[in-house]
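Undergrad:
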Amino acid sequence: MTQALTLNRPELQRTQNFINARWCEALDGRRLPVSDPATDTVFTEVPDSGAADARAAVDAAHAALPAWRATPARQRAQLLKRWHALIIEHQQDLGRLISREQGKPLAEGLGEVLYAASYVEWFAEEATRICGDVIAPPVAGRRMLVLKEPVGVVAAITPWNFPAAMIARKIAPALAAGCTVVAKPAEDTPLTALALVALAEQAGLPAGVLNIVSASRERTPEVADVWLADARVRKITFTGSTPVGKHLARESAATLKKLSLELGGNAPFIVFDDADLDAAVAGLMVAKFRNGGQTCVCPNRVFVQAAVHDAFVEKLAARVGALKLGPASAPDSQIGPMINARAVDKIARHVADAVQRGGRVVVGGQRSALGPNYYAPTVLIGADAAMACSCEETFGPVVPITRFETEAEVLAAANDTPFGLAGYFYSRDVARIWRVAEALETGIVGINEGALAAEAAPFGGVKESGYGREGSRHGLDDYLQMKYLCQGGL
Ligand code: SIN
């Protein structure tokens, strides 16, 4: 049984779309059930929007664009700062919403609220630092300048694993840059996004500047197709799977939209024999088990050098075996349920495949009696490149370990993937640190560190993990375009 969701401000549990400053149902009245992954039971409903709602959202965002882009940067920044303050003020409620619809333990839900807020604050500050160029003209009688202008209407499509952080780090830079937004949160986790939009409304965002529609997995393509085809939408920002990212890239080509794609990963985590093993174990625990392993940057393949392999596995197994699995509502839970039964099926398939191909489970390796969405934290050894867990993102609490002998061998293996989001390694050899950091084909590298995400850092991948960066000063550029002015006859 799902307990009632108690919020300090119950009206933050919004269950309608927000278009042109109006909370509304889907135009055809369809509804989408929202479940608690801990109990697998429906606890509320939101609109199941379709093409007409998606179009109405673009109409509103397009109409609001001229005034918003003309709003002075400092004023946009002040609105974002007010939004930031409201997010912090409602950390408890937002954390509860995240944990309820996504399943992560409450401490992590509360932490995610601060993480999301950090992007809003960062881009509020960056809004006032948008600068163009004044160029020395190569010929007399001219002046040459570059302006940075907002790209226009932005469509943001976000995933379920970080219901607050992913939408915040898309919407905040868009608004800071002077763009208006249409957004669609993941079908599993619409409530956090709707609550964030309610707080943005309270902060005083003008009508039409931020619009949001929720939709089921089945109807999401209908919404996305409208946004892809509409030439008024000038940018799509998406976090999710590589196949969907490729689809968006293909379909947006007709109107040549700007794209930011934060797609799948297959992160290597390498432990060299000169590493501090305790630090490496601690780093892996943080990187792998955050959000139950449901992050794009979490280590998917762990490589341990032969001389330290057994000692590392022993230390790691002790830590993983002690992890407490449980619902978000239990204060001692360290790993919550997976998002849904499909996710657990994939994890179980990966573990079964690894075992069938010669891998050995050291800890875990089974579903949990807690319910259909739980899977026990797992360590398995003897992993190799042919296993599904090495080629696909497991997106769950499974650590497959491969023993290696040489640096050259492990670098070849680490880079032998179409993906390139994050990579991690542990070593105390300074020369090796530079060699390996430069050789890894990823957009993000953790060196003796498992917790990488920060609003001040550029988050994003290379290869088939996508392009564009979120966070940092570069994160704003993704929402700006250059206009070159050349004045002659002077
Ligand atoms: C992601 O999983 O896509 C984001 C993770 C993060 O922000 O660290």
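Just so you know, we're using my numbering here: the sequence shown kicks off at 1049 and counts up by one.
For each residue, glycine too, the CB sits at the ideal point set by N, CA and C.
With DSSP run on the structure shown, which of helix, strand or coil describes Asp1526?
TA: Walking along the sequence shown from the start, residue 1526 turns up at place 478. Reduced to three states, the DSSP call for Asp1526 is coil.
Undergrad: For Gly1430, which residues in the same chain have their Cβ closer than 6 Å to its Cβ, ignoring the five residues on either side in sequence?
TA: Position 382 of the sequence shown, counting from 1, holds the residue named residue 1430. The answer, listed in chain order, is Gly1406, Gly1407, Arg1408.
Undergrad: DSSP on Pro1347, reduced to helix/strand/coil?
TA: On the sequence shown, residue 1347 is found 299 positions in, with the first residue counted as 1. Pro1347 falls in the strand class under three-state DSSP.
Undergrad: Threshold first: 4 residues or longer. Then list the alpha helix (DSSP H) segments lying entirely within the stretch 1202 to 1245, N to C.
TA: Here the runs fully enclosed are 1213 to 1225.
Undergrad: DSSP beta-bridge partners for Ala1470?
TA: One-based indexing of the sequence shown puts residue 1470 at position 422. For Ala1470, which the question treats as bridged, DSSP gives the partners Ile1492.
Undergrad: Quick check: is any heavy atom of ligand 1 less than 7 Å from the C-beta of Val1345?
TA: Here residue 1345 refers to the residue found at position 297 when the sequence shown is read from its first residue. It does: the Cβ of Val1345 is within 7 Å (strictly closer) of some heavy atom of ligand 1.
Undergrad: When you compare the stretch 1173 to 1189 with the stretch 1519 to 1537, are there three or more beta-carbon pairs, one atom per stretch, that lie closer than 8 Å?
TA: The stretch 1173 to 1189 vs the stretch 1519 to 1537: in contact.
Undergrad: Work out the CA separation of Ala1118 and Gly1200 for me, nearest whole Å.
TA: The count along the sequence shown starts at 1 and reaches residue 1200 at position 152. The count along the sequence shown starts at 1 and reaches residue 1118 at position 70. Going from the Cα of Gly1200 to the Cα of Ala1118 covers about 12 Å.
Undergrad: Helix, strand or coil: how does DSSP classify Pro1095 here?
TA: Locating residue 1095 in the sequence shown gives position 47, counting from the first residue. In this structure, Pro1095 counts as strand in the three-state DSSP scheme.
Undergrad: Does the distance from the C-beta atom of Ala1108 to that of Trp1275 stay below 8 Å?
TA: Indexing the sequence shown from 1 puts residue 1108 at position 60. Indexing the sequence shown from 1 puts residue 1275 at position 227. Contact flag unset, no.
Undergrad: So, does the stretch 1376 to 1386 touch the stretch 1503 to 1515, judging by three or more C-beta pairs under 8 Å?
TA: These segments do not touch.
Undergrad: So, Leu1134 versus Gln1250, is the Cβ gap smaller than 8 Å?
TA: Position 86 of the sequence shown, counted from the first residue, corresponds to residue 1134. Position 202 of the sequence shown, counted from the first residue, corresponds to residue 1250. Result yes, Cβ atoms of Leu1134 and Gln1250 sit closer than 8 Å.
Undergrad: What are the partner residues of Arg1079, as DSSP defines its beta bridges?
TA: The residue you call residue 1079 lines up with position 31 of the sequence shown. Arg1079 is bridged to Pro1095.
Undergrad: Does the stretch 1151 to 1167 come within contact of the stretch 1263 to 1272, defined as at least 3 CB pairs closer than 8 Å?
TA: Short answer: they don't touch.
Undergrad: Please look up how many angstroms separate the CB atoms of Val1094 and Val1106, rounded, as I've assumed it's under 8 Å.
TA: In the sequence shown, counting from the first residue as 1, residue 1094 sits at position 46. In the sequence shown, counting from the first residue as 1, residue 1106 sits at position 58. Not confirmed; about 20 Å, so no contact.
Undergrad: Tell me whether the beta-carbon of Ala1323 lies closer than 8 Å to the beta-carbon of Arg1476.
TA: Stepping through the sequence shown from its first residue, residue 1323 is reached at position 275. Stepping through the sequence shown from its first residue, residue 1476 is reached at position 428. Their beta carbons are under 8 Å apart, which means Ala1323 touches Arg1476 by this criterion.
Undergrad: Looking at Glu1173: is its Cβ nearer than 8 Å to the Cβ of Ala1125?
TA: The residue labelled residue 1173 in the question sits at position 125 within the sequence shown. The residue labelled residue 1125 in the question sits at position 77 within the sequence shown. Result yes, Cβ atoms of Glu1173 and Ala1125 sit closer than 8 Å.
Undergrad: From which residue to which residue does the alpha helix (DSSP H) around Met1333 run?
TA: Taking the first residue of the sequence shown as position 1, residue 1333 is located at position 285. Met1333 -> alpha helix (DSSP H) spans 1325 to 1337.
Undergrad: Hey, how far is the Cα of Arg1480 from the Cα of Cys1437?
TA: Position 432 of the sequence shown holds residue 1480. Position 389 of the sequence shown holds residue 1437. Cα to Cα, Arg1480 sits roughly 27 Å from Cys1437.
Undergrad: Helix, strand or coil for Cys1552, going by three-state DSSP, please let me know.
TA: With the chain running from 1049 to 1538 in the structure shown, residue 1552 is simply not present.
Undergrad: Output yes or no for whether 8 Å exceeds the beta carbon distance between Asn1463 and Glu1489.
TA: Indexing the sequence shown from 1 puts residue 1463 at position 415. Indexing the sequence shown from 1 puts residue 1489 at position 441. The answer is yes: Cβ separation under 8 Å.
Undergrad: With distances taken from CA atoms, which of Asn1056, Gln1150, Asn1496 is nearest Gly1384?
TA: Here residue 1384 refers to the residue found at position 336 when the sequence shown is read from its first residue. Ranking the options by Cα distance to Gly1384, first place goes to Gln1150.
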